[in-house]
Every structure is written in structure tokens, then in C-alpha cells.
Amino acid sequence: SEVVDRLIEIFGKVEIVPGISSIQVAASRAKVPLDKSKVITMHVTTSIEDKKLELQKALIDGFSVVLVPRPWPKQPDKHFMPSEIAVYLREHNFNTEKMKVHVFEAITTENETSFEGTVKDLEGKEFSDLSVMVFNQVSLDSYMNYRWQWEN
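Just so you know, we're using this note's numbering here: the sequence shown kicks off at 6 and counts up by one.
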């Protein structure tokens, strides 16, 4: 929304054309339904402390999380990319060795790359500014598990 706000500031009236977002594509590639997920963006210039707590709560509550990290390499205290997120979660008593995660870079471009592993595996790894993370906590559930729906 900061980008949209800035465009409106500069140009006044702007038209927003909807499309498929990198968040939607990342969730789809990771096979994580958005209705069982929380979407969190750290990609803001304001404080992200509340968003860090939101991430913790979503993971504790069993949601998958689609997350846009925060690249800020010139200010390490504001830089919150996959490696820093992995350390943060470990330091807040999450079992990062068991948490499944995907990281997609430059999604939908010819330079797209992806990583799949555990959150612990992210420590010390560098990812581009164009990254989206998906914490996968989905357990498969089908309408076949709810036979009462069609039984008389």
C-alpha cells in the first residue's frame, strides 16, 4: 500500500489494474490454500515488531503463512530476510528443524528460483529482494473425511 500511496501522491488519480500477485503464485506453487493461511508483509518502512508477533501467533495457531520479507541491506537492524527470520523464530523457541518452508525468488520471471526445506536450513542463506516465503503447515483435508454430509 505504500507504493500505491506514493503513486497517488505523485500522479493524483491512478488506476489500479488487478492481476495475480506473487503471494498468490507462491501459495499455489507451495500447494498451500490461502483460506488456511495468513498473509503477512514485512516489506514496509514502518516498524515490523507487531508483524513479527503476528507471524509467531499465526504459526502457533497452526496457520500456513505467506510472507513477504523485508530487504534493507544498508541498515542491518531493519533487514529481515529469510535468514534473519529463521534466526528470529529459533530464538523465540520455534522448532525450526521441523518447520517446512519454501522461498521463491523473482517468481513468474525467467530468473525464478525456489528453495524448499526447513526453516533451520535458511540460516546463513542469502535471497534476493524479490522473495516470497511460504511456511507450510497444511494438513490435507478432503470432503471425503466428512461423510455425514451425504449420508441420510
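Backbone N, C-alpha and C define an ideal beta-carbon position, used for all residues, glycine too.
Note that this is a predicted model, so its numbers are computed, not measured.
Asked	Found
Neighbourhood of Glu59 by C-beta, 8 Å cutoff - its chain only, sequence neighbours within 5 removed	Lys43, Ile45
Assigned exposure category for Ser136 - 16 Cβ within 10 Å defines buried	buried
Cα-Cα separation, Ile53 to Gln61	13 Å
4 or more residues per run - each alpha helix (DSSP H) lying fully within the segment 84 to 155	87 to 96
Paired residues, beta bridge with Thr46 - DSSP	Val73
Ser27 vs Ile112 beta-carbon contact at 8 Å	yes
Backbone secondary structure at Ile15 - three-state DSSP	helix
Ala63, DSSP secondary structure in three states	helix
Cβ-Cβ distance between Phe132 and Val108 below 8 Å	yes
For Val124 and Ala91, believed in contact at Cβ under 8 Å, the rounded distance	5 Å
Supposed contact pair Ser69 and Leu127 - C-beta distance, whole angstroms, cut 8 Å	Between Ser69 and Leu127 the Cβ distance is about 16 Å, and since that is not below 8 Å, they are no contact.
Minimum C-alpha distance to Lys56 - residue among Leu94, Leu39, Arg152	Leu94
Nearest-angstrom Cα separation, counted from Asn150 out to Ile13	49 Å
DSSP three-state assignment for Val37, whether helix, strand or coil	coil
Sequence-distant residues of the same chain with beta carbon closer than 6 Å to Leu72, five excluded per side	Ile45, Met138
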